[in-house]
Amino acid sequence: MPSLPTIAPEVEARAAAVLHPAPPPEPSHERAWEYALRLGDDALILGQRLSEWCGHAPALEIDLTLANIALDLVGQATSFLGHAGALEGQGRDADALAFHRDVLDYANCLMVEQPNGDFGQTISRQFLFSTFHHLQMEALARSADPTLAAIAAKAAKETAYHAEVAADWVIRLGDGTADSAARMAAGLEWHWRFVDELFEPADAALVAAGIAVDPPALRPAWDATIAAVLAKATLATPAPRRAVTGGRRGHHSEHLGHLLAVMQHLPRSYPGAVW
Amino acid sequence: MGARSRRRARGQTCGAQSGVKDWPLWEVFLRARGGLSHRHVGSVHAPDAELAVRHARDTYTRRSEGVSLWVVPSAAITASDPGQSGAMFDPADDKVYRHPTFYTIPDGIGHI
Numbered sequence: 660m661p662s663l664p665t666i667a668p669e670v671e672a673r674a675a676a677v678l679h680p681a682p683p684p685e686p687s688h689e690r691a692w693e694y695a696l697r698l699g700d701d702a703l704i705l706g707q708r709l710s711e712w713c714g715h716a717p718a719l720e721i722d723l724t725l726a727n728i729a730l731d732l733v734g735q736a737t738s739f740l741g742h743a744g745a746l747e748g749q750g751r752d753a754d755a756l757a758f759h760r761d762v763l764d765y766a767n768c769l770m771v772e773q774p775n776g777d778f779g780q781t782i783s784r785q786f787l788f789s790t791f792h793h794l795q796m797e798a799l800a801r802s803a804d805p806t807l808a809a810i811a812a813k814a815a816k817e818t819a820y821h822a823e824v825a826a827d828w829v830i831r832l833g834d835g836t837a838d839s840a841a842r843m844a845a846g847l848e849w850h851w852r853f854v855d856e857l858f859e860p861a862d863a864a865l866v867a868a869g870i871a872v873d874p875p876a877l878r879p880a881w882d883a884t885i886a887a888v889l890a891k892a893t894l895a896t897p898a899p900r901r902a903v904t905g906g907r908r909g910h911h912s913e914h915l916g917h918l919l920a921v922m923q924h925l926p927r928s929y930p931g932a933v934w
Numbered sequence: 163m164g165a166r167s168r169r170r171a172r173g174q175t176c177g178a179q180s181g182v183k184d185w186p187l188w189e190v191f192l193r194a195r196g197g198l199s200h201r202h203v204g205s206v207h208a209p210d211a212e213l214a215v216r217h218a219r220d221t222y223t224r225r226s227e228g229v230s231l232w233v234v235p236s237a238a239i240t241a242s243d244p245g246q247s248g249a250m251f252d253p254a255d256d257k258v259y260r261h262p263t264f265y266t267i268p269d270g271i272g273h274i
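From first to last, the protein sequence lines stand for chains A and B. Read left to right, the first sequence gives residues 660 to 934 (our numbering). Read left to right, the second sequence gives residues 163 to 274 (our numbering).
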C-alpha cells in the first residue's frame, strides 16, 4: 500500500475554504420580513388611495384606468404581505397585516399616502412612483428569494403599464393647456420632497445576499426617465429640496391615519367577516 | 364626404365639469385569439389614438378578452344609410340560391 504524505491541518483547512467557501452571513429573518412588508405596504396604500377615484374620475375611461391600476397594486400587496406573514412566522396572513396594524406599524413611503388632489397631482404621484416601482420590480425579479422573484416578475408587467400610462398623461397635461400645465407642475412640486425617500438604501445584508434590491442603484435610470418625460412634457424638473422621510420607520403624515380608518373600518368592526 | 357630415356632434358636456368638450370617439376592435379576426366590441372616448388604445385596453381587455386591439376614429367610418336599407339589403332576401347549401356532399367527407 503506497504511503501518502501527511497533510498538515492548516493546509487542509485552506483547501477546504477554497472548495467549500463559507456561506455569507444569513440576513436576519426579521430584516427579510420587514423588506417584504415594506414592498407590500407601498402597493397597498397606493392601491387604496387610487381606488378613491372610483366613480369620480374626469372620464369613464380614466375611472377604469385608475381602478385597474389600483387593483393591480392591491394584488401585489396581497402577494407581498402574504410572503411577509410567512417570513414572520407568527401566523399573520395578508389580511391580518393589512387590516390589523396601526399607523405606526406601516412601512410604506410617504409619497403613496399623499392625498389625490386633482388629476394632475394624482398623475404626478403615479408617474414618479410607478417609474421607481417598475425599476424595482424588474430588478427584484432576479432576487435570490424565489417567492419575491416570482411576485416581482408578475408585477413588472403591470408596473410597466402603470409607468407608461402615467407618463402619457404627464406629457399631455404638461404640453396641454396653460391650466393643465400649471396643475401638472403643482403636482410634481407637491411630491418632489418625497422622492429621496424612495431611494433610501435597503438593508445591507439583504442586498449582499441578493434578496433585496438596493434602491440607490436605481436612481440614475429613474433620473433619466423622469428627465426625458418632463422634457417631452415641456415641464421643468422641480428644484431639489430638503427630503421628507420617515415612512419606512412608521413616521407618517396625518393622511395615512385617515386612509387606514376607511380601509380598516369593516374588518375591525366585523372581525372575520366574509361574503 | 357624406359620412363626415354626420360626424358625431361635438361639444356635449362631459362629467360634472360643464363646458368641457367631449373627446373624440374611437371604435374598438379586438382579436380574441391568434388566428381570429378583429371584431368590433364597442367604443371609447380619448384625446388621441395612443390614449384610445390605452382606454380600449382598460375598458375591454380587463378579463383577458383579447390579444390585439385596433382603434379607429369613429368619424373615419362611412356607414350605409339606414333610410336606404330597403334598397341596400332587401334584394338579397329572395336569393337563397346564393347560399352554398345546394351541393351534395359525398358521404366520405366528414367536415367541410
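A virtual CB, placed ideally from N, CA and C, is assigned to each residue, including glycine.
field: Environment of B:Val206 [buried if 16+ CB atoms lie within 10 Å]
entry: Against the second sequence, residue 206 of chain B aligns to sequence position 44. Under this definition B:Val206 is a buried residue.
- prompt: Got a sec: which bits of the stretch 814-845 of chain A sit with their beta carbon under 7 Å from any beta carbon on chain B, in order along the chain?
  reply: Val824, Asp827, Arg831
query: Looking at the C-beta of A:Leu894, does it have a partner C-beta in chain B at a distance below 8 Å?
result: Residue numbering aside, residue 894 of chain A sits at position 235 when the first sequence is read from its first letter. With 8 Å as the cut-off, A:Leu894 does not count as an interface residue toward chain B.
message: If the cut-off is 7 Å on Cβ atoms, which residues from the stretch 203-228 of chain B count as contacting chain A, listed in chain order?
response: Val206, His207, Ala208, Pro209, Glu212, Leu213, Arg216, His217, Asp220, Thr221, Arg224
message: Less than 6 Å between C-beta atoms, sequence neighbours within five positions excluded: which residues of the same chain meet that for A:Phe858?
response: The sequence position of residue 858 of chain A within the first sequence is 199, counting from 1. So the list reads Pro874, Pro875, Arg878, once near-sequence residues are dropped.
- prompt: On the premise that A:Gln773 lies in contact with A:His679, defined as a C-beta separation below 8 Å, what is that separation, rounded to the nearest angstrom?
  reply: As a first step, residue 679 of chain A is located in the first sequence; it is residue number 20 there, counting from the start. As a first step, residue 773 of chain A is located in the first sequence; it is residue number 114 there, counting from the start. Not a contact, Cβ separation roughly 50 Å.
message: According to DSSP, simplified to helix, strand and coil, what is A:Lys813?
response: In the first sequence, the residue the question calls residue 813 of chain A occupies position 154. It is helical.
- request: Measure from the C-beta of A:Leu732 to each C-beta in chain B and report whether the shortest distance is under 8 Å.
  value: If you number the first sequence from 1, residue 732 of chain A lands on position 73. Taking Cβ atoms only, chain B never reaches closer than 8 Å to A:Leu732, which makes this a no.
task: Using a threshold of 8 Å, state whether the C-beta atoms of A:Leu763 and A:Gly909 are closer than that.
output: Start at 1 with the first residue of the first sequence, and residue 763 of chain A comes out as number 104. Start at 1 with the first residue of the first sequence, and residue 909 of chain A comes out as number 250. Yes; because the gap between Cβ atoms is below 8 Å, this pair is in contact.
field: A:Pro875 (DSSP reduced to helix, strand or coil)
entry: Looking up residue 875 of chain A in the first sequence gives position 216. The answer is helix: DSSP assigns A:Pro875 an H, G or I state.
Beta-carbon neighbours of A:Asn727, restricted to chain B and to distances below 7 Å: Taking the first residue of the first sequence as position 1, residue 727 of chain A is located at position 68. Within chain B, the residues near A:Asn727 are Asp220, Arg224.
Residues bridged to B:Trp188 (per DSSP): One-based indexing of the second sequence puts residue 188 of chain B at position 26. DSSP output for B:Trp188 lists B:Val206, B:Pro235 as bridge partner(s).
message: Using beta carbons (cut-off 8 Å, strictly below), is A:Glu720 in contact with chain B?
response: Taking the first residue of the first sequence as 1, we reach residue 720 of chain A at position 61. Output row for A:Glu720: interface = yes.
- request: Determine the burial state of B:Tyr265: buried for a count of at least 16 other Cβ atoms within 10 Å of its Cβ, exposed for fewer.
  value: Locating residue 265 of chain B in the second sequence gives position 103, counting from the first residue. Classification for B:Tyr265: exposed.
- request: Using the DSSP secondary-structure output, state which residues sit across from B:Arg201 in a beta bridge.
  value: Walking along the second sequence from the start, residue 201 of chain B turns up at place 39. Its beta-bridge partners are B:Leu192.
- request: Report all residues from its chain with a CB closer than 7 Å to the CB of A:Leu725; omit the five preceding and five following residues, and keep chain order.
  value: Residue numbering aside, residue 725 of chain A sits at position 66 when the first sequence is read from its first letter. Answer for A:Leu725: Leu709, Trp712, Ala716, listed in chain order.
- prompt: Using a Cβ-Cβ cut-off of 6 Å (strictly less than) and excluding sequence neighbours within five positions of A:Thr781, which residues of its own chain qualify?
  reply: For the purposes of this step, residue 781 of chain A is taken as the residue at position 122 of the first sequence. Closer than 6 Å at Cβ, skipping near neighbours: Asn775.
- prompt: When burial is assigned at 16 or more other CB atoms within 10 Å of the CB, is B:Thr221 buried or exposed?
  reply: Translated into the one-based positions of the second sequence, residue 221 of chain B becomes position 59. Classification of B:Thr221: buried, given that the 10 Å Cβ count is 16 or more.
- prompt: CB-CB under 6 Å to A:Phe791, same chain, minus the five flanking residues each way: which ones, in chain order?
  reply: Against the first sequence, residue 791 of chain A aligns to sequence position 132. For A:Phe791, where only same-chain residues beyond five positions count, the Cβ hits under 6 Å are Leu857, Trp881.
message: Counting only C-beta atoms, is A:Thr781 closer than 8 Å to chain B at any point?
response: Residue numbering aside, residue 781 of chain A sits at position 122 when the first sequence is read from its first letter. Chain B contact via Cβ: absent.
DSSP-derived helix/strand/coil call for A:Lys891: Walking along the first sequence from the start, residue 891 of chain A turns up at place 232. A:Lys891 falls in the helix class under three-state DSSP.
task: Measure from the alpha carbon of A:His742 to the alpha carbon of each residue in A:His688, A:Arg901, A:Pro930, then state which is nearest.
output: Numbered from its first residue, the first sequence carries residue 742 of chain A at position 83. Nearest C-alpha to A:His742: A:His688.
- prompt: How is A:Ser789 classed by DSSP in three states: helix, strand or coil?
  reply: Within the first sequence, numbered from 1, the residue matching residue 789 of chain A stands at position 130. In this structure, A:Ser789 counts as helix in the three-state DSSP scheme.
query: Relative to the alpha-carbon of A:Gly706, which residue among A:Arg697, A:Arg852, A:Gln735 has its alpha-carbon at the smallest distance?
result: Walking along the first sequence from the start, residue 706 of chain A turns up at place 47. Selected option, being the one with the closest Cα: A:Gln735.
task: Sort A:Asp752, A:Ala667, A:Leu787 by Cα distance to A:Ala825 and report the nearest one.
output: The sequence position of residue 825 of chain A within the first sequence is 166, counting from 1. For the residues A:Asp752, A:Ala667, A:Leu787, the minimum Cα distance to A:Ala825 belongs to A:Leu787.
query: Short check: CB of B:Val215 to CB of B:Val203, under 8 Å?
result: As a working note, residue 215 of chain B is residue 53 in the second sequence. As a working note, residue 203 of chain B is residue 41 in the second sequence. No, they are not a contact pair.
C-alpha distance - A:Ile830 paired with A:Arg690, whole-angstrom precision: Translated into positions along the first sequence, residue 830 of chain A becomes position 171. Translated into positions along the first sequence, residue 690 of chain A becomes position 31. Answer to the nearest angstrom: the Cα atoms are 39 Å apart.
task: Leaving out five residues on either side along the sequence, give the residues of the same chain with a beta carbon under 7 Å from the beta carbon of A:Glu747.
output: Walking along the first sequence from the start, residue 747 of chain A turns up at place 88. Cβ within range, chain order: Trp692.
For B:Glu212 and A:Asp862, believed in contact at Cβ under 8 Å, the rounded distance: Residue 862 of chain A sits at position 203 when you count from the first residue of the first sequence. Residue 212 of chain B sits at position 50 when you count from the first residue of the second sequence. Contact flag wrong, Cβ pair sits at about 40 Å.
task: Under 8 Å between beta-carbons, which chain B residues line up against A:Thr724? List them in chain order, please.
output: Numbered from 1 along the first sequence, position 65 holds the residue referred to as residue 724 of chain A. Per Cβ cutoff of 8 Å: Arg216, His217, Asp220.
query: At a cut of 8 Å, does the stretch 234-244 of chain B reach the stretch 183-202 of chain B through at least three beta carbon pairs?
result: yes
field: Pairwise C-alpha distance: A:Gly916 and A:Ala840
entry: Numbered from 1 along the first sequence, position 181 holds the residue referred to as residue 840 of chain A. Numbered from 1 along the first sequence, position 257 holds the residue referred to as residue 916 of chain A. Going from the Cα of A:Ala840 to the Cα of A:Gly916 covers about 31 Å.
Distance between A:Gly846 and A:Arg900 (C-alpha atoms, nearest Å): What you label residue 900 of chain A is simply residue 241 of the first sequence in a count that begins at 1. What you label residue 846 of chain A is simply residue 187 of the first sequence in a count that begins at 1. Looking at the two C-alpha atoms, the distance is approximately 15 Å.
- request: Closer than 6 Å by C-beta to A:Arg842: which residues in its own chain qualify, once you throw out the five before and the five after it? Chain order, please.
  value: Along the first sequence, read from residue 1 onward, the residue named residue 842 of chain A stands at position 183. Once the five neighbours on either side are set aside, the close Cβ partners of A:Arg842 are Asp777, Gly779.
field: Cross-strand partners of B:Ser230 (DSSP beta bridge)
entry: Numbered from its first residue, the second sequence carries residue 230 of chain B at position 68. The partner list for B:Ser230 (beta bridge, DSSP) reads B:Arg193.
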